[in-house]
Each structure stands twice: as C-alpha cells, then as structure tokens.
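In our numbering, the protein residues as written are 155 to 498. Note that CB positions come from ideal geometry on N, CA and C, so glycine has one too. To start, the structure itself, in structure tokens.
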C-alpha cells in the first residue's frame with residue numbers, strides 16, 4: 155500500500171492529477187479478490203478518508219507475474235483508441251510503469267453501485283437494459299470485419315479447443331463433445347463475422363450501475379481485441395438469470411439458464427435479437443456462438459488456474475474433478491445437449 159501511495163505522491167504532478175485531489179491527503183483501501191483464478195491485488199485510492207475512490211491501482215500478487223496487467227493496459231488503450239473521445243463507461247489508463255520492482259497499473263475509478271444479485275432482483279429490467287445499451291454502444295464502436303483478423307477461426311476457436319483436448323485424459327467423454335462443437339462451429343469459418351473487442355467476463359463484480367442508470371465495466375485483463383460477437387451478451391444475460399433467481403447451487407444455476415435461453419418462451423431471446431440486429435449478426439451464427447461462449451470460458455478458466463498450457467502437461471485429477479463440478483461446465487454440457495431448444 156505504501157508503494158502505491160509513494161508512487162502517486164511523487165508522480166501526481168507529472169501525471170496531471172491535481173484536479174482529482176490533494177496528493178498530501180491520499181489514502182488507499184486494499185481489496186484482494188478471493189476467486190481462485192485472480193492474479194493481482196487492487197488498491198482503491200481515495201482523495202481523502204471516507205471519500206469515493208478517484209483512482210484504482212493494480213499490482214501483481216506475485217512479483218514479475220504481470221502478464222495479465224500487460225493485457226489489461228493494452229486492451230483499455232485499444233478501446234480508447236476506437237473512439238475519438240474514448241469512453242466514460244470503462245477505466246482510462248493513467249500510467250502503467252515499474253516502480254521499485256513492482257509493475258503498477260493506475261486507472262481512473264468509475265462511479266456506480268456494483269450490479270450485485272440483490273440489485274438485479276430489485277431492478278431486473280433496468281439492469282438488463284443498462285447492460286445491453288452498453289454492449290450495443292461498445293461493440294458498435296469496436297467492431298471490425300473478421301477478414302481483417304488473420305486466422306481468426308484458428309486463433310479463437312480451433313486452436314484453443316485442440317489445446318484443451320490435449321490436456322484431457324485419452325478416454326475422457328469431453329473429447330467427443332469438443333469434436334461435436336468444432337463441427338457445429340465450422341460454418342462460422344465462411345461467415346463475414348463482425349469481430350468485436352469482447353470483455354469475456356461481463357458479470358458481477360465487473361459491472362457497476364451508475365446513478366443515471368448506465369452500466370460501467372471494469373476488469374479488462376481477459377478481454378479479446380478480436381473477440382467473437384455475442385459471447386459477452388450471452389455471459390451477461392446468464393449472470394442476470396442467476397441473479398434474478400437467487401441461484402446458489404448448480405441445479406439452481408442450470409434452472410435459471412434453461413429459463414433464460416431454452417424453449418419458445420425463453421425471456422432472453424428478445425435481447426439476443428436486438429443485439430444481433432444491431433451488430434448485423436446472422437441468425438444462423440447464434441447457436442454456434444452460444445456454444446463457443448461456454449466452451450471458450452471453460453478453456454480460459456483452466457488456463458488461468460494453472461500453467462499447464464505452457465508445460466503441455468495433462469490436467470491433474472483434482473483440477474479435472476473441480477472443473478466437472480463447476481457451474482459453467484454444467485451449462486456447457488446442457489447447452490450442447492439441448493441446442494435444438496434454442497429458438498432465436
């Protein structure tokens with residue numbers, strides 16, 4: 155904490171932050187993410203004790219392990235470059251520098267209440283509309299033709315799935331499911347998809363709900379500059395579904411998922427249709443993109459939990475057991491098995 159405050163005090167004027175607060179009155183609140191895949195710690199920088207944060211500082215949990223902060227800084231800078239005046243709904247990078255052996259990422263702080271399940275339960279329609287409006291605006295600004303991204307199908311779909319297959323035991327039933335998903339995704343290869351800068355984890359605690367009823371989005375370390383369209387929307391609507399039902403166990407998560415997306419009465423399909431029309435996404439692409447949303451999330455989850463992708467070692471028994479008990483694994487299996495019940 156002292157490192158962050160010392161850095162800011164010494165560089166306050168150089169970084170042109172005088173309008174935010176008096177550097178002599180700065181203080182920090184430490185937040186340590188408790189989820190298993192987290193790789194950094196967060197400091198909320200207050201202009202004075204008891205005030206709202208004016209900045210957010212992030213540092214790696216382990217010295218030298220700053221690959222994800224590199225990615226977050228790069229993604230945010232890329233996002234800001236997509237529009238002349240940037241976005242007030244995402245953090246702006248103030249500085250990303252090394253200081254006394256630590257990599258420090260300094261970002262603007264965003265205002266708003268965390269879009270927690272309790273907030274969604276109180277204001278479900280407002281939360282969904284805020285998230286959808288943000289997605290339509292952000293993806294419209296960052297969209298680009300897939301033809302501009304060389305080997306996008308292999309990079310986003312084929313290679314990650316093949317790599318994941320190589321981690322699984324030889325007789326694992328998931329191997330066949332992954333082959334099936336590759337076959338279902340194959341028609342996308344010939345589509346002129348509108349790729350987007352996708353967030354890849356659009357759910358609580360990464361969404362804030364502002365006093366004006368707008369969504370603000372933080373934590374960009376997983377974002378993909380050449381991301382698949384639709385996956386952020388599917389992930390966000392699934393979070394809303396979980397929150398609306400107060401889901402806390404796998405059967406409850408799965409019931410909320412079913413209610414949102416499957417069958418002719420699925421409540422999420424109108425939001426999907428609005429998004430697809432806005433970004434000009436052909437209806438034929440929606441089911442494979444939906445399946446890839448959960449496939450890619452599981453693959454990324456495993457990659458964040460271990461360094462096995464680099465060592466080419468197979469998944470150990472405990473990690474595989476944990477994965478099979480994960481709620482997103484349950485969603486993935488169900489989506490593949492019941493894909494014919496998706497009525498877009």
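Taking all protein chains shown into account, residue 209 has 16 or more neighbouring C-beta atoms within 10 Å of its C-beta and is therefore buried. For residue 285, the uninterrupted alpha helix (DSSP H) run begins and ends at 278-296, by DSSP.
Remark: C-beta atoms of residue 313 and residue 349 do not approach each other more closely than 8 Å. A residue is called buried once 16 or more other Cβ atoms fall within 10 Å of its Cβ, and residue 201 is buried on that count. Approximately 19 Å separates the beta-carbon atoms of residue 439 and residue 356; this is outside 8 Å, ruling out the contact. Residue 181 sits in a strand when the DSSP states are folded into three classes. In the DSSP assignment, residue 199 forms a beta bridge with 182 and 209. Runs of the beta strand (DSSP E) lying entirely within the stretch 330-392 and spanning at least 3 residues, in chain order: 348-352, 361-363, 369-371 and 378-381. Residue 371 counts as buried, since at least 16 other C-beta atoms from the protein chains shown sit within 10 angstroms of its C-beta. Looking at the backbone, the Cα of residue 435 and that of residue 293 are separated by about 12 Å.
Between the stretch 320-334 and the stretch 357-366, the count of Cβ pairs shorter than 8 Å is below three; the stretches do not touch. Where residue 431 is concerned, the enclosing alpha helix (DSSP H) starts and stops at 423-433. Residue 401 is not a Cβ neighbour of residue 498, given a cutoff of 8 Å. 8 Å or more divides the Cβ of residue 443 from the Cβ of residue 493. Between the C-alpha atoms of residue 281 and residue 409 there is a straight-line separation of about 20 Å. Taking a 10 Å sphere around the C-beta of residue 386, we find 16 or more other C-beta atoms and assign the residue as buried. In the three-state DSSP reduction, residue 214 falls in the strand class (E or B).
Of 274, 378, 270 and 161, the smallest CA-CA separation from residue 250 is found for 161. Annotation for residue 270: 358 place their beta carbon closer than 7 Å to its own, counting only its chain and skipping 5 residues before and after.
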